[in-house]
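Count along the sequence shown from 1, then add 1212; that gives the number in our numbering.
Right, one structure below, let's go through it.
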Amino acid sequence: MIKKHLAGVLQVAVALWFCAFVPARGASTASNEIVVTAAREPVERWETPSHVRVISGDELRGYPSSSLPDALERVAGVNVSSVAGNPATAEVSMRGFGENGHGRVLVLVDGVRWNRPDMASVNWLALPAGEVDRVEVVHGAESALYGDHAVGGVINIVTRRPGERPGLELDMQAGSYGLASARAAYSGVAGDFGWSVNGMWYSSEGWRDRTACESAAGGAGAAFDFSDFVQSEARAWISRVEYEIPGPLTLEQAAEDPRKAGSPDDSASANYCSADGVLRAELADGMRLDVGVGAGRKDMENDMASWLSFADIRQETLSLTPRLTRTVGIGVETRLLAGVDVYLDQLDVDYYGEPARSARMGGASLTRETVGGYLRGETRVSAWKVGAGGRIERAGLDADMSAPGAAGGAVTQDESAWDVSAVRQFGESARVYAKVGRVYRYPFVDEQVSYVGFGTDRVYRDLKAEEGMQYEAGVEGRLGRACEASLALFQLDMKDEIAWNGVEMRNENMDRTTRRGLEADVSVRIADCTTLRAGCALMDAEFTDGPSEGADVPLAPRQKTTVELNVLLPGGMECIPSLVWVGKSRYGGDYANAAGWLDGYCVASVHVRHRPAKMKGCEVFVSAENVLDEEYSSVGYVDWQGVEYVYPAPGRIFRAGLNCRF
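Below you can see the structure in the form of structure tokens.
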């Protein structure tokens, strides 16, 4: 299947490339701020037809956490939650997607997909925050370029190029509830060869009972420039995480003691390893070829005693992602991009009825082959930069079920996406943009196939891929370096969204939904020593037909506001108070809105860091998160009997640490 469809998309890509083979000239860039996600290559942020928020390395170092979800939590329009109470399993959602919203956000590391084919979230502790150069958050769909997952947004985590910053780095911190972490990294360069190694350890007993988590991770990278025209990079990561799962509490239990555990014996552990590389070659003036390859593996043990489910999961992924970029001059500068994405995912599951795993009850072997080809062109029309792109993709899933009476089989789904955009810049002071396009998402493999036992193992061939239309327009302006503001308005019409039906005990396609909203960001330099950054996202997500017409989409907060003040104090000190205010939402599973509201919450934190003059390259910090000890839950569900359950979030937590660069 892969060979057949790969040949087809390659023929289309090569044909269009030859059409573009005319004398070309290079592109100029007027800004130092670069993003790569919106166009799969370096593009000036103001030229992207999307609402983009870039978290710089300086901002990341201003946060006290060892994980990236805490930094993303401070971005309006990005919602972060965790039912296990640890950063390793945090789920990140965007644009009003609630249940399993992380499946509608594409997470990339240096442009390489980190999303897994099943419903498990990204292991955020596998990548230490100290290794990150910046995080690019693109709000809105990018299905035409990336395909699966890229419906609510794209998050690209950009690490430092090996050898870019030679030297030794040491980070360590300790905090409340047994929190401790340490990181060491070393990077060097020798001529055209750069390299880096790093390692990190994280441990916490957790705020709630049964939320302990421990993780160890390591990585290595290498970069080599064969010439001025050919460069290469390769990275490898390995990690292990072990964590307890506290389970939910009823509202009465949470009011009595929010720190107690609802499930006393649930836990999980996983080993991860991955490697990826890219070769970049300038084939001619204005023509570049990028070839990316990747491989990953996850071995996981799930012990869910509360469900009498004990499973061993083995998952492997292979990827090949070549693309060709051509910048041509046909009166005006035009850029053409053609590429192919090939993914092969293998997932094997064995499940048992007791933790000793002495008697296998069943299992499944799932193989998914995904092949997609995409094309995009951008050119200048008067003062406007206009672009159009499209993607075709086929996903084939084959399931072999081993439980008695289980029915395996194969499912093939064909999808397509397209978008049209326009951007108008007014010098360096303002820009406007508009974008419209078709989006889609394939079902997770464990949405398409049930393999949990209890007589329900089967392939759901009637489960369709999610499809929709996105409409977006925005404006952004800046006043020198003193003030910068942006506003985006959007609407996303979806059909066949997938959600769990607790009565039928299976995943089903839902009725049509519409999401309308706005996202705004502002950064103001109040004085030489004080900067204010604030963001606001308003969301109206509702069903537009069927029995739930007019009802709110569950777990989609109506608003989120973030405020952060950065104050430079004498003596090398810096104080960063912040506020995150999230509005109310409907409980998960409450499609008829028959239950009450999951309350909103407001979390205030304060972070102070100091760079001692006698300790060059070092920084000490102290912080208080949720300093007012707000009691809240970012996740809650209603069961089939109408009982409301919540997962209480951590209360007040203190941290202190030391970061050194030599």
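Quick reminder that beta carbons are idealized off the backbone N, C-alpha and C, glycines included.
Segment contact: the stretch 1711 to 1729 against the stretch 1254 to 1274, fewer than three CB-CB distances shorter than 8 Å; contact not assigned. Contact between the stretch 1828 to 1835 and the stretch 1730 to 1740 is not established, with fewer than three Cβ pairs separated by less than 8 Å. Between residue 1677 and residue 1627, the gap from beta carbon to beta carbon is short of 8 Å.
In the DSSP assignment, residue 1286 falls outside any alpha helix (DSSP H) and carries neither an H nor an E. Approximately 5 Å separates the beta-carbon atoms of residue 1582 and residue 1607; this is inside 8 Å, confirming the contact. Annotation: residue 1298 to residue 1366 spans about 22 Å, alpha carbon to alpha carbon. Exclusion of the five residues before and after residue 1509 leaves 1485 and 1528 as the residues of its chain whose Cβ lies within less than 6 Å of its Cβ.
Residue 1303 is a Cβ neighbour of residue 1333, given a cutoff of 8 Å. Where residue 1813 is concerned, the enclosing beta strand (DSSP E) starts and stops at 1813 to 1822. In this structure, residue 1397 places its C-beta atom within 8 Å of the C-beta atom of residue 1408.
Across the set 1457, 1375 and 1434, the C-alpha of 1434 shows the shortest separation from the C-alpha of residue 1444. In the structure shown, residue 1279 falls within a coil segment according to DSSP collapsed to helix, strand and coil.
Taking the Cα of residue 1258 as reference, the smallest distance to any Cα among 1442, 1552, 1638 and 1655 is reached at 1638. Distance check between residue 1556 and each of 1633, 1708 and 1329 places 1329 closest, using alpha-carbon atoms only. Counting along the chain, residue 1358 sits inside the alpha helix (DSSP H) bounded by residues 1355 to 1358. In the displayed model, residue 1422 falls within coil according to three-state DSSP, outside both helix and strand.
Residue 1717 is classed as exposed because its beta carbon has fewer than 16 other beta carbons within 10 Å across all chains shown. The three-state reading of DSSP puts residue 1616 in coil, since its state is none of H, G, I, E or B. Taking a C-beta distance under 8 Å as the contact criterion, residue 1850 and residue 1811 do not qualify as a contact pair. Within the DSSP secondary-structure output, residue 1785 pairs in a beta bridge with 1781 and 1822. In this model, residue 1489 and residue 1506 are separated by some 6 Å (Cα to Cα). Judged by DSSP secondary structure, residue 1658 falls within the alpha helix (DSSP H) whose first and last residues are 1657 to 1660. Relative to the Cα of residue 1674, the nearest Cα in the group 1480, 1622 and 1566 belongs to 1622. Counting along the chain, no alpha helix (DSSP H) covers residue 1365; the unbroken beta strand (DSSP E) around it starts and ends at 1365 to 1371.
DSSP places residue 1301 within a helical segment (H, G or I) once states are collapsed to three.
By the beta-carbon neighbour count (other beta carbons within 10 angstroms, threshold 16), residue 1825 is exposed.
Residue 1778 counts as buried, since at least 16 other C-beta atoms from the protein chains shown sit within 10 angstroms of its C-beta.
Closest option to residue 1473, judged by alpha-carbon separation, among 1401, 1561 and 1861: 1861.
Residue environment: residue 1336 is assigned as buried (16 or more neighbouring CB atoms within 10 Å of its CB, all protein chains considered).
By the criterion of at least three beta-carbon pairs nearer than 8 Å, the stretch 1460 to 1476 is not in contact with the stretch 1304 to 1317. In the three-state reduction of the DSSP assignment, residue 1504 falls in the strand class, which pools E and B.
The beta carbon of residue 1350 lies closer than 7 Å to those of 1249, 1250, 1262, 1264, 1365 and 1366 in the same chain, with the five residues before and after it left out. Judged by their CB atoms, residue 1821 and residue 1786 are nearer to each other than the 8 Å cut-off. For residue 1718, there is no enclosing alpha helix (DSSP H); the residue is part of the beta strand (DSSP E) that begins and ends at 1718 to 1721. Counting every other CB atom within 10 Å of its CB across the protein chains shown gives residue 1288 a total of 16 or more, marking it as buried. If you draw a 10 Å sphere on the C-beta of residue 1852, you find fewer than 16 other C-beta atoms in it, and that means exposed.
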